[in-house]
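Structure first, commentary second.
In the numbering used here, the protein residues as written are 26 to 342.
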């Protein structure tokens with residue numbers, strides 16, 4: 026998920042009074058504060074406190090410039106990937122859908138050379154794929170799911186471009202299923218997802234309460250809290266990571282820009298009641314709290330149309 030709110034880098038020449046920190050704390054659009062001062066050690070204790078923004082203490086111009094550059098890269102790195110996901114991707118104008126499919130299949134065959142199981146899946150995809158079965162192919166634990174998820178996590182634009190025709194098909198099919206969902210579901214939809222995040226990622230959620238996040242991946246969720254909770258509690262905890270239970274609230278009567286599909290009919294485990302959230306959904310972070318007894322972080326967010334136009338802008342190719 027990607028923060029999409031406009032962010033401000035605040036550069037201060039010298040050391041501020043203590044009251045400065047409290048004064049800017051409510052300004053959620055401030056991402057980072059850079060203090061340029063050879064005597065920055067005098068506010069080390071303040072920088073270690075928890076703020077809604079990052080604090081950088083820079084004693085030289087080189088350190089200041091490097092800190093700003095790295096922070097800017099961190100904010101910008103998500104935008105490139107999001108640009109690939111526009112459902113109206115104009116890049117398909119100069120290549121037919123069939124040619125795009127050939128490119129994708131060739132890429133997969135080269136990658137899985139020697140893997141007979143996945144090569145058989147790729148052959149089946151090449152023979153039988155139509156846009157109407159884009160969702161079943163994604164739900165399967167095969168090369169498509171693995172390839173796309175890896176590309177999304179690493180923001181590999183080159184791979185995502187090769188999969189562009191399939192990504193478009195999948196998003197369009199999810200939208201069609203969403204229309205069906207809205208006919209049945211008239212009130213608030215609660216969804217849940219388990220994950221494991223490193224400490225820095227958890228702290229990022231803590232710092233950004235009230236800010237917006239945008240999905241840069243397809244989110245697999247469940248409408249059954251017990252399903253996600255059990256996975257979160259029972260899954261082996263990775264060293265250096267924290268167990269997290271995400272709780273998503275979606276008011277279908279209010280939010281107009283999110284796309285969610287009930288895909289349980291395609292799942293090998295329909296009892297998990299899987300819902301798939303399309304790329305580009307916007308949520309506002311409500312809380313991030315740790316339960317000591319459960320050894321589990323609870324992150325609550327709700328879907329919103331706020332700044333959805335900005336997310337759409339990011340998704341333009």
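Note that the Cβ used here is the ideal one computed from N, Cα and C, for glycine as well.
Give every residue of the same chain whose Cβ lies closer than 6 Å to the Cβ of residue i, excluding the five residues on either side of it in the sequence, and list them in chain order.
i           : result
residue 298 : 247, 248, 249, 289
residue 244 : 302
residue 133 : 147, 168
residue 63  : 84
residue 276 : 213
residue 347 : Nothing about residue 347 can be read from this structure; the chain reaches only from 26 to 342.
Can you tell which of the options has the C-alpha that lies nearest to the C-alpha of residue i?
i           : options            : result
residue 330 : 295, 167, 317, 284 : 284
residue 317 : 308, 292, 269      : 269
residue 231 : 138, 60, 160, 312  : 312
residue 54  : 35, 180, 47        : 35
residue 257 : 324, 235, 47       : 324
residue 217 : 223, 190, 44, 252  : 252
residue 126 : 192, 209, 215      : 192
residue 52  : 33, 44, 41         : 33
residue 57  : 166, 80, 44, 45    : 80
residue 226 : 322, 43, 153, 296  : 322
residue 348 : 233, 135, 207      : It is not possible to answer for residue 348, since the shown part of the chain is limited to 26 through 342.
In this structure, how does DSSP classify residue i when only helix, strand and coil are distinguished?
i           : result
residue 187 : helix
residue 96  : helix
residue 88  : helix
residue 300 : strand
residue 38  : strand
residue 258 : helix
residue 233 : coil
residue 248 : coil
residue 243 : coil
residue 263 : coil
residue 121 : coil
residue 278 : coil
residue 45  : helix
residue 272 : strand
residue 286 : strand
residue 322 : strand
residue 331 : coil
residue 317 : coil
residue 104 : Caution applies to residue 104, whose pLDDT of 43 falls short of 50 and renders its modelled position unreliable; the value that the coordinates give is listed next. Reduced to three states, the DSSP call for residue 104 is helix.
Could you confirm whether any beta carbon from chain B is found closer than 8 Å to the beta carbon of residue i?
i           : result
residue 310 : The structure shown contains no chain B; it holds only a single protein chain.
Quick test of your reading: residue i and residue j, contact by CB under 8 Å. State the CB separation rounded to the nearest angstrom.
i           : j           : result
residue 194 : residue 159 : 4 Å
residue 150 : residue 182 : Not confirmed; about 22 Å, so no contact.
residue 190 : residue 95  : Rounded, the Cβ-Cβ distance is 35 Å, inconsistent with contact.
residue 215 : residue 281 : Rounded, the Cβ-Cβ distance is 19 Å, inconsistent with contact.
residue 241 : residue 304 : 7 Å
residue 202 : residue 124 : That belief does not hold up - the Cβ atoms of residue 202 and residue 124 are roughly 27 Å apart, past 8 Å.
Between residue i and the rest of its own chain, which residues show a CB-CB distance below 7 Å, the 5 nearest in sequence each way excluded?
i           : result
residue 164 : 288, 291, 292
residue 89  : 59, 61, 83
residue 337 : Summary for residue 337: the model assigns pLDDT 46, below 50, so the residue's position carries little reliability; its value from the coordinates is reported in the next sentence. Around residue 337: no qualifying Cβ.
residue 210 : 277
residue 223 : 265, 266
Spatial neighbours of residue i within its chain, please: CB distance less than 8 Å, with the 5 preceding and 5 following residues excluded, ordered by chain position.
i           : result
residue 221 : 260, 262, 263, 266, 267, 268, 269
residue 156 : 194, 197, 198
residue 49  : 35, 55, 58, 78
residue 178 : 242
**Request:** Jot down the residue ranges of each uninterrupted alpha helix (DSSP H) in the segment 131 to 213, minimum 4 residues, whole runs only, in chain order.
**Result:** 141 to 153, 159 to 164, 168 to 179, 182 to 187, 189 to 209
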